[in-house]
Structure formats: structure tokens, C-alpha cells
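**Student:** Count along the sequence shown starting at 1, add 6, and that's the number in my numbering.
Think of the CB as a built atom: it goes at the ideal place given N, C-alpha and C, for glycine as much as any other residue.
One structure follows; several queries about it will come next.
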Amino acid sequence: MNKHQTDNANATAFPVDTIRAMFPALQRAGDFIFLDNAAGAQIPQSVLDAVTNHLVSHNVQRGGRYGRSVTVDQSVADARTSVALLINAYSPAEICFGMNATSFIRLVSLGIGQMLQERDEIVVTDMDHDANIATWLALESAGAKFKWWRMREDGNLHVDDLRPLVSDRTRLIACTVTAHSIGSIVDVASVAKIAHAAGAEVFLDCVHYGPHGLIDVQAWDCDYLVCSGYKNFSPHMGFLWGRFETLKRLPTFREDFIPDEPPYKVEAGTFIYENVSGMDAAVQYLELIGRNLAPSNNRSRRDN
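Below is the structure:
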């Protein structure tokens, strides 16, 4: 049996009806077809249940000494652990929750803007979503200078074109993992090698890769990464990952009573706890699908 036949056999064996039954929105859709799937995913029942359970059972502020507040603290900690496993983070303390990926890009860019000094060049690409371009270009008023890493006619970013753009003045390379418009995948591990050889950092926008491939911040060796939960079967929210020491150095706004430590220093204000519970459930949904459908030699990172 050739590869094409094998792929067809696997596709036929995939229990589409069983998976569809897990999504209430699909049961109520009637003749409506969700073709706008690049903008986000529908939510499985298990995620809805997690959100509802939070709102009904412990819809209180965290940080208190009473039982329900302690439960919220634990649910947030559990979600950090799940997302850390999802992206192969070094520690759950590197996972920061918030409104969306764009707000985190802006938060990091503002911090980077305060640390430019002699390293004042930022590399941006013409493949990225504008959220990962405009936020960096806004640092021009802080003295930043920009180099453009541009796609070739084949619709790809070639690392050979990146090398001459990077120097000892490069502060950061901001690029996507997958183009939101055409789906081209960037060799981000090679990007990191080029950046780190010059003493620069790498910021990855993983929003459009997250639903389609397994994220691995250790293998990619990046310094920052943002992703949107709602692309991955969770409610509307986003998360930021950064190396712990990198986040510790990053200037951020925080209230005086917030610890000056990641992830707390990054999470200004109260985020939506019920959506964080939903994110935890979404990761567990992906694990469930993997356990039941992946080859027997595969296993969850949670099992390692």
C-alpha cells in the first residue's frame, strides 16, 4: 500500500461523526456550514462544561483563603500546567494568560522598546498578520529601526534571506510560524539559531499554527511565543509563553501588590478565569483525541 492509499485509509477510519457529536454548535447548525474556520474553532461540550462549572461553582476572585477562592487558584494552576505541556514549556510559570495574542504582542513590544539601547534593530516580515508587524513598527518613536524579511515569489520566507539582515545591532526577530493567509510554514528553529548567534531574541506568533501542529518551544528554541486559545477549541482568550528569565527581565506594568515575578507581572488586571478553565479542558480534549486515535506508540506529554 502506498502513502496515498495509507492516508486515504486513515482518513476513512477517522470517526468524524463521533467527533462532530462532541460539538453542540454543530448539532444546532442546521444547514449552516462553518467555512470561517480560520477565524476560530467551535467548542466541544467538555469545554462548555468547564466554563459553566466555574461560573456556577466558584465564580469568585482568586487569592483568598476560603475554599472557593482556593479552587480558582488551583484551576488557574492546572491550566498553566496543561498549556505548558501543550507547547513543551520548561515550566508552568512561563505561561501567562490574558485577553488575546495581539495584546500580548503589544505588551512585549512595549517592554522591548524600553530596552533597545545600542541593539535597536527589529526584523519583521511581510508574511505576518498585521498584529505582529504594526505593534513592532510602533516602536519607531522609541528609536527602533526595522529590517524587512520578505517572502520570495514561492510564498515562503527563506532563512538564507534572513542572514544578511541580522547583525550585532539586532534586538529581536518577530515572525510567524505559519502564514495566516497562505499557510506557508517558517523554519523557526533555523531562525532562532541565526538570531541567537548574533545575540538577538525571537518572538513567534503561533496563532495560526496552533490548531494544525504540535508546538514545541524547546525544539524551536524561541524566546517568546503567543497563541490564541479560541483557535484551539477554547473560549476567546490568549496566552504568552516566554523563557522565565526573559520574562523576569521584561519591563511590564503591574500594580504594587502584584509580585514582580512571572507569570504574575505579565498578567495585568483580572483575566477571565472561566475561559482559562475552558482552555484547560480544551487541552484535555486534544489529549483525549490523541489517546484514542493516535498510533499506539504515541502518548501525551503528560504521561512522560
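Do S196 and H60 have their beta-carbon atoms positioned less than 8 Å apart in this structure?
**Tutor:** It is not a contact, given that the beta carbons lie outside the stated cut-off.
**Student:** Only counting runs of 4 or more residues, tell me where the alpha helix (DSSP H) segments fall wholly within the stretch 21–107, in order along the chain.
**Tutor:** If we require 4 residues or more, the alpha helix (DSSP H) runs fully inside the stretch 21–107 come out as 22–26, 30–33, 51–63 and 73–93.
**Student:** Check whether the Cβ atoms of V78 and Y279 lie closer than 8 Å to each other.
**Tutor:** Against a cut-off of 8 Å, the Cβ pair of Y279 and V78 comes out as a contact.
**Student:** In the structure shown, what three-state DSSP assignment does L246 receive?
**Tutor:** Strand, per DSSP.
**Student:** Here's the rule: buried if 16 or more other CB atoms are within 10 angstroms of the residue's CB, otherwise exposed. What is G104?
**Tutor:** Flag for G104 reads buried.
**Student:** What is the rounded straight-line gap between the Cα of L54 and the Cα of D286?
**Tutor:** If I take the Cα positions, the gap works out to 11 Å.
**Student:** For P268, count neighbouring Cβ atoms within 10 angstroms of its own Cβ and tell me buried if that reaches 16, exposed if not.
**Tutor:** Buried, because 16 or more other Cβ atoms sit within 10 Å of the Cβ of P268.
**Student:** From P98 to I221, what does the alpha carbon distance come to, in whole angstroms?
**Tutor:** If I take the Cα positions, the gap works out to 15 Å.
**Student:** Using a Cβ-Cβ cut-off of 6 Å (strictly less than) and excluding sequence neighbours within five positions of V289, which residues of its own chain qualify?
**Tutor:** Cβ within range, chain order: S88 and L92.
**Student:** Please state the DSSP three-state secondary structure of Y215.
**Tutor:** Three-state result, Y215: coil.
**Student:** Y312 lies in the alpha helix (DSSP H); which residues open and close that run?
**Tutor:** Look at the range of the chain in this structure, 7 to 310, and you will see that residue 312 is not part of it.
**Student:** Can you give me the start and stop residues for the alpha helix (DSSP H) that T141 sits inside?
**Tutor:** Its alpha helix (DSSP H) spans residues A137 to L143.
**Student:** Near A181, what residues of its chain come up, given a Cβ to Cβ distance below 8 Å and the 5 sequence neighbours on each side ignored?
**Tutor:** It should be pointed out that residue 181 corresponds to Cys in this sequence rather than to Ala. Excluding positions up to five away in sequence, the list reads V129, V130, T131, M133, D134, N138, W155, L163, V192, V194, V197, V208, F209, L210 and D211.
**Student:** Buried or exposed: which applies to R86, given that a residue is buried once 16 or more other Cβ atoms fall within 10 Å of its Cβ?
**Tutor:** Classification for R86: buried.
**Student:** Below 6 Å CB to CB, which residues in the same chain sit around L231 once its five sequence neighbours on both sides are set aside?
**Tutor:** Cβ within range, chain order: L210, C212, V223 and W247.
**Student:** Once the 5 residues before and after Q51 are set aside, which same chain residues still bring their CB inside 8 Å of it?
**Tutor:** Hits under 8 Å: M28, F29 and P30.
**Student:** Mind checking who S234 pairs with in its DSSP beta bridge?
**Tutor:** BP columns for S234 point to G244.
**Student:** Could you give the distance in angstroms between the alpha-carbon of D126 and the alpha-carbon of G275?
**Tutor:** Rounded to whole angstroms, D126 to G275 spans 30 Å at the Cα level.
**Student:** Around the Cβ of M121, are there at least 16 other Cβ atoms within 10 angstroms (buried) or fewer (exposed)?
**Tutor:** With fewer than 16 other Cβ atoms within 10 Å, it is exposed.
**Student:** Between R112, A203, R307 and L299, which has its C-alpha nearest V22's C-alpha?
**Tutor:** The shortest Cα separation from V22 among R112, A203, R307 and L299 belongs to L299.
**Student:** Relative to the C-alpha of S379, which residue among R158, D167, G119 and E159 is closest?
**Tutor:** Outside the displayed range of the chain (7 to 310) lies residue 379, so it cannot be described from this structure.
**Student:** From A56 to A107, what does the alpha carbon distance come to, in whole angstroms?
**Tutor:** If you take the alpha carbons of A56 and A107, they lie about 22 Å apart.
**Student:** Taking 6 Å as the limit between beta carbons, can you name the residues of its chain near L116, skipping five residues before and five after?
**Tutor:** Counting only Cβ-Cβ distances below 6 Å, and skipping sequence neighbours, we find nothing.
**Student:** Where K9 and I264 are concerned, what is the direct C-alpha to C-alpha distance, given to the nearest angstrom?
**Tutor:** Unreliable positioning characterises K9 in this predicted model, as indicated by a pLDDT of 49, which lies under 50. The coordinate reading is nonetheless provided below. Those two C-alpha atoms are separated by around 54 Å.
**Student:** Given a cut-off of 8 Å on the beta-carbon distance, is the pair G205 and D229 in contact?
**Tutor:** Not in contact: G205 and D229 (Cβ atoms no closer than 8 Å).
**Student:** Please work out which residues of its chain come closer than 7 Å, Cβ to Cβ, to N238, disregarding the five sequence neighbours upstream and downstream, and give them in chain order.
**Tutor:** If we look at N238 and ignore the five residues flanking it on each side, its Cβ neighbours are A47, G216, P217 and A288.
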